[in-house]
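In what follows, a single structure is set out as structure tokens and then discussed.
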Amino acid sequence: MGKALTKQELHNLAMNHVGKDLEQRGFEFIAVNSKLKRHPQFVCIDKTSQYFFVIVKAVLLPANPNNYDLIWMETFKKHAFEKDAKVLYAGVGIGNPSGEHLPVYLNEEYLIEYNGIQVIEPNLN
Numbered sequence: 012m013g014k015a016l017t018k019q020e021l022h023n024l025a026m027n028h029v030g031k032d033l034e035q036r037g038f039e040f041i042a043v044n045s046k047l048k049r050h051p052q053f054v055c056i057d058k059t060s061q062y063f064f065v066i067v068k069a070v071l072l073p074a075n076p077n078n079y080d081l082i083w084m085e086t087f088k089k090h091a092f093e094k095d096a097k098v099l100y101a102g103v104g105i106g107n108p109s110g111e112h113l114p115v116y117l118n119e120e121y122l123i124e125y126n127g128i129q130v131i132e133p134n135l136n
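According to the working numbering, the sequence shown is numbered sequentially starting from 12.
Laid out in structure tokens, this is it:
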């Protein structure tokens with residue numbers, strides 16, 4: 012059995028999946044931040060030069076990767092609004108196929124739950 016992935020390594024794994032998705036969608040990367048609890052993880056532009064702040068959240072399955080802190084998101088949406096950027100959220104669930112109580116190990120198979128990128132509505136509450 013290998014070494015269990017740290018929170019930072021799980022976060023990086025999630026970012027790799029999301030980064031590939033963003034590339035396939037035609038986004039151009041302006042900045043990438045892989046540090047835990049530093050947001051956004053990606054600053055991108057699309058073909059119309061619209062800026063996007065992309066938040067990536069990695070969770071261990073069976074936790075739901077699509078859930079996020081609504082109160083915190085309101086604060087972040089305000090920051091994006093001030094920068095004329097749109098907010099995208101990408102939740103990634105990662106798990107051990109041998110059981111949800113087991114950690115994910117380096118260089119071993121893992122489960123992934125990724126439902127794509129969610130557009131966070133810009134209207135502030």
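Heads up, the beta-carbon is just placed ideally off N, CA and C, and yes, glycines get one too. Note that this is a predicted model, so its numbers are computed, not measured.
Option in 108, 63 and 112 with minimal Cα separation from residue 93: Mapped onto the sequence shown, residue 93 falls at position 82. Minimum Cα distance to residue 93 is reached at 63.
Under the three-state DSSP convention, the category residue 88 falls into: Looking up residue 88 in the sequence shown gives position 77. Three-state DSSP puts residue 88 in a helix.
Cβ contact check for the region 62 to 80 and the region 93 to 109: 3 or more pairs under 8 Å: yes
Counterpart residues of residue 150 in DSSP-defined beta bridges: Beyond the ends of the chain as shown, which are 12 and 136, falls residue 150; an answer cannot be given.
Simplified DSSP assignment, three categories, for residue 39: Looking up residue 39 in the sequence shown gives position 28. Three-state result, residue 39: strand.
Cα-Cα separation between residue 105 and residue 68, rounded to whole angstroms: Here residue 105 corresponds to residue number 94 of the sequence shown, with the count starting at 1. Here residue 68 corresponds to residue number 57 of the sequence shown, with the count starting at 1. C-alpha separation (whole angstroms): 11 Å.
Given residue 90 as reference, the closest of 134, 37 and 45 once Cα atoms are compared: Counted from its first residue, the sequence shown places residue 90 at position 79. For the residues 134, 37 and 45, the minimum Cα distance to residue 90 belongs to 134.
Residue 33, buried or exposed, once every other Cβ within 10 Å from all chains shown has been counted against 16: In the sequence shown, the residue the question calls residue 33 occupies position 22. Looking at its Cβ environment, which holds 16 or more other Cβ atoms inside 10 Å, residue 33 is buried.
Straight-line gap, residue 28 to residue 121 (C-alpha atoms, nearest Å): In the sequence shown, counting from the first residue as 1, residue 28 sits at position 17. In the sequence shown, counting from the first residue as 1, residue 121 sits at position 110. Cα to Cα, the separation comes out at about 13 Å.
Straight-line gap, residue 101 to residue 15 (C-alpha atoms, nearest Å): Looking up residue 101 in the sequence shown gives position 90. Looking up residue 15 in the sequence shown gives position 4. Each residue's Cα considered, the two are about 23 Å apart.
For residue 125 and residue 98, believed in contact at Cβ under 8 Å, the rounded distance: One-based indexing of the sequence shown puts residue 98 at position 87. One-based indexing of the sequence shown puts residue 125 at position 114. The Cβ separation is near 18 Å, so there is no contact.
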